[in-house]
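Have a look at the structure below, then the notes.
Protein chains: 2
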Amino acid sequence: MQYRVLRSSKIKINRKPFSSRIRIQSRDGNALAAAAVDHDVAFLFGGQIKGGPLRLFMIYSAGNFIECTTDTPYLQIGEHKYGKPVLDRAISFDTDLYDALKIGLISMDSTMRSNLAVGLPIDLMLVRRNTYSTEVNYRIEPGEPYFQDLRERWSAALRAAHIAIPRPPYRSTG
Amino acid sequence: MQYRVLRSSKIKINRKPFSSRIRIQSRDGNALAAAAVDHDVAFLFGGQIKGGPLRLFMIYSAGNFIECTTDTPYLQIGEHKYGKPVLDRAISFDTDLYDALKIGLISMDSTMRSNLAVGLPIDLMLVRRNTYSTEVNYRIEPGEPYFQDLRERWSAALRAAHIAIPRPPYRSTG
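Heads up: the protein sequence lines correspond to chains A and B, in order.
For what it's worth, our numbering labels the leading residue of the first sequence as -14, then goes sequentially.
For what it's worth, our numbering labels the leading residue of the second sequence as -14, then goes sequentially.
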């Protein structure tokens, strides 16, 4: 699975070289801490060098990292918990790339509903192994029809899903 | 809505008087910090004095609090983010009490799937306004049939829900 990056507007990444961003911690860390600014940061960094494997890393502020594998086929940064359950249930290494994109968007929808500080636009990029180019590079703006339809369908399906489950049979035992 | 407490085994609350728990911070705070133990704590505290309203509070470690209202009809403590989206979508002040219990259990299921450190048993208590007694006081242990069935139904429904949504139509735009 080559599912790569779903980044909300909350996560702003500038175009500075990667090493210079890591240096910010040592250069400005004390000043940021003094101003009580939370300056922890994590990056997703991925790609493919011709002839090599497609790889994706999550790099923590301390500089250590983990890598995407067949067992852990997705990585998240930022406000990740609200949107994780749907990924845990639905994403595996064998998931079709466009299904993975769809499930990633459902995950973003959950995050946006539970944290109003996360919102559109969503920039998405899709890269397939051994193509060395982007298959999709797209910005979802407010009112974009597919994403709006996805949000409504998902809401309706969840509502139907919990209505269909019987109520708990529990009555007092003590 | 009188939906009260869903507490996983991860959140252990002893039977000390409430004020003595707050005192732990001033008495042991430095020692706990020195040992790098995260000693933040929050409580749900609720009930009804005869003739008064049924009230529920969340009390933070600093001692400040918020109260459940018609606009914010649920409170969570502990590992709360994974299970919040389903509550946000489905719980309102007018939700039937047993539907709320059911949705609370779905929320706990999401949390248990996304954080393996959260698990059964779940102790649940259900108190209805003006009854001054518990309507349900129940422990869900591993293998409990209703909760197991709920987990399977919810999984199947979510799978069906995302399969029913069409794949994204996005193709490369640059």
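All residues carry an ideal CB built from backbone N, CA and C; glycine is no exception.
Counting only the same chain and skipping the five closest in sequence on each side, list residues whose C-beta sits under 6 Å from that of B/Q33.
Working through the second sequence from its first residue, we reach residue 33 of chain B at position 48. Excluding positions up to five away in sequence, the list reads L39.
Quick check on this structure: which residue in A/H147, A/A18, A/F78 has the alpha carbon closest to the alpha carbon of B/L86?
Position 101 of the second sequence, counting from 1, holds the residue named residue 86 of chain B. For the residues A/H147, A/A18, A/F78, the minimum Cα distance to B/L86 belongs to A/H147.
In chain order, what residues of the same chain have a beta carbon less than 7 Å from the beta carbon of A/L111, not counting five sequence neighbours either side?
Position 126 of the first sequence, counting from 1, holds the residue named residue 111 of chain A. Close CB contacts of A/L111 within its chain, under the 7 Å cut and outside five residues either way in sequence, are with R(-11), L82, L86, T119, E120, V121 (chain order).
Between B/I88 and B/L72, which are expected to be in contact by the criterion C-beta below 8 Å, what is the C-beta distance as a whole number of angstroms?
Taking the first residue of the second sequence as position 1, residue 88 of chain B is located at position 103. Taking the first residue of the second sequence as position 1, residue 72 of chain B is located at position 87. Between B/I88 and B/L72 a beta carbon distance of about 7 Å is seen, short of the 8 Å cut, so the two are scored as contacting.
Taking buried to mean at least 16 other C-beta atoms within 10 Å of its own C-beta, is B/G48 buried or exposed?
Here residue 48 of chain B refers to the residue found at position 63 when the second sequence is read from its first residue. Classification of B/G48: exposed, given that the 10 Å Cβ count is below 16.
Which of helix, strand or coil does DSSP assign to B/R98?
Position 113 of the second sequence, counting from 1, holds the residue named residue 98 of chain B. Correct three-state label for B/R98: helix.
Kindly say whether A/R82, judged by its beta-carbon, lies nearer than 7 Å to any beta-carbon of chain B.
What you label residue 82 of chain A is simply residue 97 of the first sequence in a count that begins at 1. Looking at the sequence provided, one finds Leu at residue 82 of chain A rather than Arg. Not closer than 7 Å to any Cβ of chain B, the Cβ of A/L82 fails to qualify, so no.
Nearest-angstrom Cα separation, counted from B/N15 out to B/P46
Position 61 of the second sequence holds residue 46 of chain B. Position 30 of the second sequence holds residue 15 of chain B. It is Ser, not Pro, that sits at residue 46 of chain B in the sequence shown. Cα to Cα, B/S46 sits roughly 14 Å from B/N15.
Provide the residue span of the alpha helix (DSSP H) that contains B/T131, from first to last.
Taking the second sequence and counting its residues from 1, the one referred to as residue 131 of chain B is at position 146. What sits at residue 131 of chain B in the sequence shown is Tyr, not Thr. Segment 130 to 149, the alpha helix (DSSP H) holding B/Y131.
A/I91 touches chain B at which residues, Cβ-Cβ below 8 Å?
Within the first sequence, residue 91 of chain A is the residue found at index 106, counting from 1. Near A/I91 (Cβ distances below 8 Å), the residues of chain B are H147, I150.
Sub-7 Å separation of A/G68 and A/S92 beta-carbons:
Your numbering for residue 68 of chain A matches position 83 in the first sequence. Your numbering for residue 92 of chain A matches position 107 in the first sequence. Less than 7 Å separates the beta-carbon of A/G68 from that of A/S92.
Coarse secondary structure for B/G104, derived from DSSP in three states:
Counting from one through the second sequence, the residue named residue 104 of chain B turns up at place 119. B/G104 sits in coil when the DSSP states are folded into three classes, being neither helix nor strand.
According to DSSP, which residues form a beta bridge with A/E52?
Here residue 52 of chain A refers to the residue found at position 67 when the first sequence is read from its first residue. Looking at the DSSP assignment, A/E52 forms a beta bridge with A/F42.
Count the other C-beta atoms from every protein chain shown that fall within 10 angstroms of the C-beta of B/P70, then say buried if there are 16 or more, exposed otherwise.
Translated into positions along the second sequence, residue 70 of chain B becomes position 85. Counting Cβ neighbours within 10 Å, B/P70 comes out buried, since at least 16 surround it.
Find the residues of chain A that neighbour B/I88, judging by a C-beta separation of less than 8 Å, and give them in chain order.
Working through the second sequence from its first residue, we reach residue 88 of chain B at position 103. Residues of chain A passing the Cβ test: H147.
Cβ atoms of A/Y155 and B/Y117: under 7 Å apart, would you say?
As a working note, residue 117 of chain B is residue 132 in the second sequence. As a working note, residue 155 of chain A is residue 170 in the first sequence. No, the Cβ-Cβ distance between B/Y117 and A/Y155 is not below 7 Å.
Is there at least one Cβ from chain A nearer than 7 Å to B/F77's Cβ?
Translated into the one-based positions of the second sequence, residue 77 of chain B becomes position 92. It is Ser, not Phe, that sits at residue 77 of chain B in the sequence shown. Not flagged as an interface residue toward chain A: B/S77, since no C-beta distance is shorter than 7 Å.
For the beta strand (DSSP E) containing B/V71, name the first residue and the last one.
The residue labelled residue 71 of chain B in the question sits at position 86 within the second sequence. That residue, B/V71, is in no beta strand (DSSP E); its alpha helix (DSSP H) goes 69 to 75.
Taking Cβ-Cβ distances shorter than 7 Å, what residues in chain B pair up with A/Y131?
Taking the first sequence and counting its residues from 1, one reaches residue 131 of chain A at position 146. Within 7 Å Cβ-Cβ: P153, P154.
Below-7 Å beta-carbon distance, A/L105 vs any chain B residue
Within the first sequence, the letter at position 120 stands for residue 105 of chain A. Closer than 7 Å: no.
On the CB-based measure, 16 or more other CB atoms within 10 Å of its CB, does A/A149 come out buried or exposed?
The residue labelled residue 149 of chain A in the question sits at position 164 within the first sequence. Within a 10 Å sphere around the beta-carbon of A/A149 sit fewer than 16 other beta-carbons, which makes this residue exposed.
Which residues in chain B have a C-beta closer than 7 Å to the C-beta of A/D73? List them in chain order.
Reading the first sequence from its first residue, position 88 is the one you call residue 73 of chain A. Within chain B, the residues near A/D73 are R98, S99.
Residue environment, A/T54, which counts as buried when at least 16 other CB atoms sit within 10 Å
As a working note, residue 54 of chain A is residue 69 in the first sequence. Answer is exposed; the Cβ neighbour count stays below 16.
Decide if A/A181 is buried, meaning its Cβ has at least 16 other Cβ atoms within 10 Å, or exposed.
Nothing about residue 181 of chain A can be reported from this structure: the residues present for chain A run from -14 to 159 only.
To the nearest angstrom, how far is the alpha carbon of A/L105 from that of A/G128?
The residue labelled residue 105 of chain A in the question sits at position 120 within the first sequence. The residue labelled residue 128 of chain A in the question sits at position 143 within the first sequence. Cα to Cα, A/L105 sits roughly 10 Å from A/G128.
Using the rule of at least 16 other Cβ atoms within 10 Å of the residue's Cβ for burial, across every protein chain shown, is A/G37 buried or exposed?
Position 52 of the first sequence holds residue 37 of chain A. By the neighbour-count rule (16 or more Cβ atoms within 10 Å), A/G37 is not buried but exposed.
Partner residues on chain A for B/P127, Cβ-Cβ distance less than 7 Å
Your numbering for residue 127 of chain B matches position 142 in the second sequence. Within chain A, not a single residue places a beta-carbon under 7 Å from that of B/P127; the smallest gap is close to 16 Å.
Going along chain A in order, which residues have a C-beta closer than 8 Å to the C-beta of B/S95?
On the second sequence, residue 95 of chain B is found 110 positions in, with the first residue counted as 1. P70, listed in chain order.
Can you say whether B/D134 is buried or exposed, counting buried as having 16 or more other CB atoms within 10 angstroms of its CB?
Reading the second sequence from its first residue, position 149 is the one you call residue 134 of chain B. B/D134 sits exposed, since fewer than 16 C-beta atoms from the chains shown fall within 10 Å of its C-beta.
Alpha carbon to alpha carbon, how far is B/A142 from B/D79? Give it in angstroms, no decimals.
Within the second sequence, residue 79 of chain B is the residue found at index 94, counting from 1. Within the second sequence, residue 142 of chain B is the residue found at index 157, counting from 1. Answer to the nearest angstrom: the Cα atoms are 24 Å apart.
On the CB-based measure, 16 or more other CB atoms within 10 Å of its CB, does A/T96 come out buried or exposed?
Sequence index remark: in the first sequence, residue 96 of chain A carries index 111 (1-based). Answer is buried; the Cβ neighbour count reaches 16.
Could you name the residues of the stretch 52 to 69 of chain B whose beta carbon sits closer than 9 Å to any beta carbon of chain A, in the order they occur along the chain?
Here the close residues are E64, H65, K66, Y67, G68, K69.
Under 7 Å between C-beta atoms, does A/Y123 make it to chain B?
As a first step, residue 123 of chain A is located in the first sequence; it is residue number 138 there, counting from the start. So, interface residue.
Pick helix, strand or coil for A/Y59, following the three-state DSSP scheme.
Counting from 1 along the first sequence, the entry for residue 59 of chain A is found at position 74. Coil.
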